[in-house]
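Enquirer:
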Amino acid sequence: MIARSPTVFFFTPSLMNAIELETIFVQREALVTDLVERVRESVLTSSKHHALVIGTRGMGKTHLVSLVYHRIQAMADLQDQLLIAQLREEEWGITSFLKLLLRILRLIDLPNSKTQQKIEALYEMSPDIAEQTAINLLLEIIDKRTLFLITENLDSLLKGLGELGQQKFRAFLQNSGCCTILATATCLFNEIQSRMKPFYGFFRPIHLRELTAREAGYLLEKIASLKGKTNLVKFLQTPRGKLRVQALEHLVGGNPRIYAIFTEFVSPESLDNLVQPFMALLNVLTPYYQSQMQYLSAQQREIIEFLCDHRSPAIVKDIAKYCFITSQTTSSQLQDLRKKGYVKVEPIGRESFYSLQDPLMQIVLGIKHQQGESIRLTIDFLRVWYDIEKTIHIEKILDDLLTQDSSQWPSKISDLIDWFEPVAYLAIGLVRVCQRLNTPLVSKADAVIWHDTWHQLVQNRPEFKLSLRLLTTAIHYKQKPTDLRVWLELSLEERKILHQALGLSEN
Amino acid sequence: MKTNPGGQLAANEVIGRDRLIAKLWQILERQSLVLTAERRMGKTSVIKKMVAEPLPATLIKFRDLEGFRTPLEFVEALFQDVQSELSGKEQVLTGVRQFIEQLSGAEIKGFKLPKTAAPHWKTILTKTIEDLLAQQSSLVIFFWDEMPMMLENIKRDQGETVSMEILDALRSLRQTHLNLRMVFTGSIGLHHVVTNLKKAGYVNAPTNDMHQEEVTPLELTDATSLAQELLTGAKITVVNETGSIAVMIATAVDCVPYYIHHVVDELQWLTIPITQQIVTDIISQNLYNPSNRWDMAHYRERINTYYGLEMVPLALGILDKLAVTTTPLPFQDLWNSLQTQNSLVDQNQEAVREILALLQRDHYIGLKAAGNYDFRFPLIQQYWRLSRGL
């Protein structure tokens, strides 16, 4: 029995009790309701649903299935018609169908000690006799009930079973017709995707969606509330708190585990500043992301490192060149990395551009090379970027400047750089006026002069580094608005800023 | 009704198959059956509905055979099925029991046959069926799902001869017992298994006494009803288009129930009102996205797997030509068109006819009444055309 505690288990939410899990649950109520209804239907009728929840690590799969488990277990009217077997999150030992049967028999509530003895007796038999005996014993225990099987990392389970084990497992499910399965995986995989495999099309795939900034805010609030951090809850509910969460979401995306970890070392003050807790978050996540690299081959790690350093999306030819591997090998490694959820691909014309799927992985693994300083600057930038009120004044000044003759720009911009404080706001104002720059009110030639002037005057100042990159892409976009390659000059989080600046949809 | 792509449907959820099932029962009254279809067309749902709603006074046994690797495992499963049917009756499998006890010198306990019985699996099979039929005056039907997969597994592990013997033994039983019926179904075509066996010297026609029937897609009206039921069950908001969206989904996926379930399931998670464009986008994504769940690339890969190396260029040539034609082509037009391709000029008409027959059996193409060929499913034609840049 697990003691009630406000501890949030980031990596094993199954250790938390039902109330805690419900308390910090966001976004997926409709999905859980749907899954629970389907398990109910599977128990009460001869329909049997098999769902596969797909999401990268930390997306909340275990949280979700644990909630379904608790809600089903709490349904008193199902109890005499239902058996539940929840496999461990990592079931390394299941290497045959017999071992799967034994594991299930160990997990379900047994009717009496005699049945326990029958299970023990299985270990005295030869494997083929034990397997058939175990099938019969399991069917005898299930009787007219339905077995609700919960299995995480279905890909590992099926790989462990091998082809013969998969065929036997599927045959068992088809012959008995008494199971409903709720499974999870980090991505779609060959054992369920290929028509040559027994489990092709067997599961209903459900892809988990990332949290939006608003949902991430709710999650932070709920976790803070569970932990009794009332000041933090109050701050998160303020407009300023919401802006900080928006800035955070911009950098880390919508992975719930990241927010759960973030609440560990955040206070209203540090959240307002954002840099310190974010750097602490990176520190905590470093071993986690490093461990993710352990699952990869040496060549795949090399490709990931290249993409971390490259920042913007890269084509196969360039990746192959800088990693000293052939294009063919690079392509196949990238395909595997994409299946595993490490990289994503953007096809433009005949070329495919690859980048890391998780923006935070890029930051964490690239942090040594970037010395942390540029990350601090980016966080500072975003903190102010979302605080629109703070830059309205400078935005207006720059807007006016754009309407003046371009010959006056060098001297007036120099003045601004000299007297305007804080200079970081000026850097942000420079990005904000990109929308005006993109209108017909500013000619293409003037836009280039504006770009060149700024580059000349501030190119060595670190606070302007990001703004200048965005400005360059904004100019390229003005010149070739239909060329999607323009956007590949930027990393994902940078692209998001410029999209917002230009008032474009992110798609 | 809830979407349930890939799951097990309750008998009353199997829509649009009543006419087919009635026809299958009629066939089974006179002979056994090989039920063919593309994977995920709904074969198993059809036979499970038949098992759940059997004809009166008919004994039915269903068994998925894909996990078996030896004939003894198959016979054991049959023995177990029959034993469970006859339990409680006085004369339970007397003949087969006596035979096995003579072999092993001990009484059989439970379902597991002794290893010494392995070489005698044919006798045990025959005696098990005989014992059952001695107790049963009405029709006995064995629904054996994934029969080709079992034969393929046994062929791989035990050699071609053993697979051939199983097919022959089953045919012999069908010939001997007038009230015995078998239904073979499977995700790989039985003809591929038999073709491979023939290459190894098999000369018999092991299923020529069985009726071949294909599980086709649903009729448009049934497919539309299914789509409509699923849209309603999923509480999907379709503004002023409910009827037309259901027809559109059914048509766009060639009335295949599995795909209808999938499309509606994806629509369920959208938070915007559903339009025809959204349905089109979902289908396109499933067809062309490299990580698609429908695995359409299989239709290209399967040519290499099941067709001999020398047949591949011709099969591709035929499919490429049919992919870009809007009307079905007569043989002569198809032949003339193939002759314009440098790599295929050496082919003869018989080779083309042979491949056309194979492509038909694998559900790639259909032969119209007028003797014209076209793609069997527009969905696969669409995929083929675009994936091969035609």
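Listed in order, the protein sequences are those of chains E and P. The numbering of the first sequence is our numbering, which starts it at 1 and goes up by one. The numbering of the second sequence is our numbering, which starts it at 1001 and goes up by one. No residue lacks a Cβ here, since even glycine has one placed at the ideal position from N, Cα and C. All of these numbers come straight from a predicted model, not from anything done at the bench.
#1: Classify residue 179(E) as helix, strand or coil using the three-state DSSP reduction.
#2: Can you tell me which of 216(E), 364(E), 219(E) and 182(E) puts its alpha carbon nearest to the alpha carbon of residue 280(E)?
#3: Taking only beta-carbon atoms, is residue 1109(P) less than 8 Å away from chain E?
#4: So, for residue 4(E): in the same chain, excluding its five sequence neighbours on each side, which residues have a beta-carbon less than 7 Å away from its beta-carbon?
#5: For residue 1072(P), name the three-state secondary structure that DSSP assigns.
#6: Cα separation between residue 1062(P) and residue 1143(P)?
#7: According to DSSP, what are the bridge partners of residue 347(E)?
#8: Could you name each continuous beta strand (DSSP E) segment of 3 residues or more that falls completely within the segment 357 to 443 of chain E, going from the start of the chain to the end?
#9: With distance defined between alpha-carbon atoms, name the residue in 225(E), 89(E) and 122(E) nearest to residue 7(E).
#10: Hey, out of 326(E), 353(E) and 243(E), whose CA is closest to residue 338(E)'s CA?
#11: Taking the Cβ atom as the reference point for each residue, do residue 1181(P) and residue 1215(P) lie within a distance shorter than 8 Å?
#12: Hey, is residue 1005(P)'s beta-carbon within less than 8 Å of any beta-carbon in chain E?
#13: Look at residue 1322(P) and residue 1365(P) and say whether their C-beta atoms are less than 8 Å apart.
#14: Using C-beta distances below 8 Å, list every residue in its chain close to residue 489(E), excluding the 5 sequence neighbours before and after it, in chain order.
#15: On the CB-based measure, 16 or more other CB atoms within 10 Å of its CB, does residue 1005(P) come out buried or exposed?
#16: Give me the chain P residues within the contact set of residue 353(E), using Cβ-Cβ distance strictly less than 8 Å, ordered along the chain.
#17: Would you call the CB atoms of residue 1001(P) and residue 1230(P) closer than 8 Å?
#18: Is any non-hydrogen atom of the ligand COA found closer than 7 Å to the C-beta of residue 388(E), if you look at the structure I gave you?
#19: Classify residue 1017(P): buried if its beta carbon has 16 or more other beta carbons within 10 angstroms, exposed otherwise.
#20: Which ranges would you report for the alpha helix (DSSP H) in the segment 64 to 98 of chain E if only whole runs of at least 4 residues count?
#21: Within this structure, are the beta carbons of residue 62(E) and residue 89(E) separated by less than 8 Å?
#22: Just curious, the beta strand (DSSP E) that residue 1097(P) is in, first and last residue?
#23: Taking residue 1007(P) as the reference, which of 1036(P), 1258(P), 1367(P) and 1188(P) has the closest Cα?
#24: Tell me the residue span of the beta strand (DSSP E) that contains residue 1025(P).
#25: For residue 956(P), which residues from the same chain have a beta carbon less than 6 Å from its beta carbon, with the 5 sequence-adjacent residues on both sides left out?
#26: Can you round the beta-carbon distance between residue 195(E) and residue 1295(P) to whole angstroms, since I take them to be within the 8 Å contact cut?
#27: Quick one: which residues of the segment 1252 to 1286 of chain P get their C-beta closer than 9 Å to a C-beta of chain E? List them in chain order.
#28: So who's on the other strand from residue 1196(P), going by DSSP bridges?
#29: What residues match up with residue 1183(P) in a beta bridge as DSSP calls it?
#30: What residues in the segment 25 to 58 of chain E bring their beta carbon closer than 7 Å to a beta carbon of chain P?
#31: So, using beta-carbon positions, are residue 1186(P) and residue 1149(P) closer together than 8 Å?
#32: Run through the DSSP bridge pairs and tell me what residue 150(E) is partnered with.
#33: Classify residue 1228(P): buried if its beta carbon has 16 or more other beta carbons within 10 angstroms, exposed otherwise.
#34: Are the C-beta of residue 177(E) and some C-beta of chain P separated by less than 8 Å?
#35: Taking Cβ positions only, does residue 1152(P) come closer than 8 Å to chain E?
#36: Tell me whether residue 174(E) is buried or exposed, calling it buried when 16 or more other Cβ atoms sit within 10 Å of its Cβ.
Expert: Walking through what the data contain:
#1: On the first sequence, position 179 is the one that residue 179(E) refers to. Here residue 179(E) sits in strand by DSSP.
#2: Residue mapping note: residue 280(E) aligns to position 280 of the first sequence, counting from 1. Comparing Cα-Cα distances from residue 280(E) to each of 216(E), 364(E), 219(E) and 182(E), the minimum goes to 364(E).
#3: The count along the second sequence starts at 1 and reaches residue 1109(P) at position 109. Not closer than 8 Å to any Cβ of chain E, the Cβ of residue 1109(P) fails to qualify, so no.
#4: Counting from one through the first sequence, the residue named residue 4(E) turns up at place 4. Per-residue confidence for residue 4(E) stands at a pLDDT of 47, beneath the threshold of 50, marking its modelled position as unreliable; the derived number appears in the next sentence. Excluding positions up to five away in sequence, the list reads 17.
#5: The residue you call residue 1072(P) lines up with position 72 of the second sequence. Helix.
#6: As a first step, residue 1062(P) is located in the second sequence; it is residue number 62 there, counting from the start. As a first step, residue 1143(P) is located in the second sequence; it is residue number 143 there, counting from the start. Cα-Cα distance, rounded: 5 Å.
#7: Position 347 of the first sequence, counted from the start, is the residue given in the question as residue 347(E). According to DSSP, residue 347(E) bridges with 352(E).
#8: none
#9: Indexing the first sequence from 1 puts residue 7(E) at position 7. It is 225(E) whose Cα lies nearest to the Cα of residue 7(E).
#10: Mapped onto the first sequence, residue 338(E) falls at position 338. Minimum Cα distance to residue 338(E) is reached at 353(E).
#11: Locating residue 1181(P) in the second sequence gives position 181, where the first residue counts as 1. Locating residue 1215(P) in the second sequence gives position 215, where the first residue counts as 1. No, these two residues do not count as a Cβ contact at 8 Å.
#12: Counted from its first residue, the second sequence places residue 1005(P) at position 5. It does; some Cβ of chain E falls within 8 Å.
#13: Counting from one through the second sequence, the residue named residue 1322(P) turns up at place 322. Counting from one through the second sequence, the residue named residue 1365(P) turns up at place 365. Contact: yes.
#14: Locating residue 489(E) in the first sequence gives position 489, counting from the first residue. Result list for residue 489(E): 312, 469, 472, 473 and 476, in chain order.
#15: As a first step, residue 1005(P) is located in the second sequence; it is residue number 5 there, counting from the start. By the 10 Å Cβ count, residue 1005(P) comes out buried.
#16: As a working mapping, residue 353(E) is identified with position 353 in the first sequence. Under the 8 Å cutoff, chain P gives no residues; its nearest Cβ is about 15 Å from residue 353(E).
#17: Counting from one through the second sequence, the residue named residue 1001(P) turns up at place 1. Counting from one through the second sequence, the residue named residue 1230(P) turns up at place 230. For residue 1001(P) and residue 1230(P), yes; Cβs fall inside 8 Å.
#18: Because no ligand of any kind appears in the structure shown, any question about the ligand COA cannot be addressed here.
#19: Taking the second sequence and counting its residues from 1, one reaches residue 1017(P) at position 17. The residue in question, residue 1017(P), is buried, as its Cβ has 16 or more Cβ neighbours within 10 Å.
#20: none
#21: Here the question's residue 62(E) lines up with position 62 in the first sequence. Here the question's residue 89(E) lines up with position 89 in the first sequence. Cβ atoms of residue 62(E) and residue 89(E): closer than 8 Å.
#22: On the second sequence, position 97 is the one that residue 1097(P) refers to. No beta strand (DSSP E) holds residue 1097(P); the alpha helix (DSSP H) holding it covers 1094 to 1104.
#23: On the second sequence, residue 1007(P) is found 7 positions in, with the first residue counted as 1. The candidate whose alpha carbon is nearest that of residue 1007(P) is 1258(P).
#24: Residue mapping note: residue 1025(P) aligns to position 25 of the second sequence, counting from 1. Note, residue 1025(P): premise wrong, no beta strand (DSSP E); alpha helix (DSSP H) at 1018 to 1030.
#25: Outside the shown range of chain P, which is 1001 to 1390, sits residue 956(P), and nothing can be said about it.
#26: Stepping through the first sequence from its first residue, residue 195(E) is reached at position 195. Stepping through the second sequence from its first residue, residue 1295(P) is reached at position 295. The pair is a contact, with the Cβ atoms about 5 Å apart (cut-off 8 Å).
#27: 1258, 1261, 1262, 1265, 1268 and 1269
#28: Taking the second sequence and counting its residues from 1, one reaches residue 1196(P) at position 196. In DSSP, residue 1196(P) forms no bridge with anything.
#29: Position 183 of the second sequence holds residue 1183(P). For residue 1183(P), which the question treats as bridged, DSSP gives the partners 1033(P) and 1143(P).
#30: 38, 41, 45, 46, 47, 48, 49 and 50
#31: Position 186 of the second sequence, counting from 1, holds the residue named residue 1186(P). Position 149 of the second sequence, counting from 1, holds the residue named residue 1149(P). Yes, Cβ-Cβ distance for residue 1186(P) and residue 1149(P) is below 8 Å.
#32: Taking the first sequence and counting its residues from 1, the one referred to as residue 150(E) is at position 150. DSSP output for residue 150(E) lists 86(E) and 182(E) as bridge partner(s).
#33: What you label residue 1228(P) is simply residue 228 of the second sequence in a count that begins at 1. By the 10 Å Cβ count, residue 1228(P) comes out buried.
#34: The residue given as residue 177(E) occupies position 177 in the first sequence. So, interface residue.
#35: On the second sequence, residue 1152(P) is found 152 positions in, with the first residue counted as 1. No, residue 1152(P) does not count as interfacial toward chain E.
#36: One-based indexing of the first sequence puts residue 174(E) at position 174. With 16 or more other Cβ atoms within 10 Å, it is buried.
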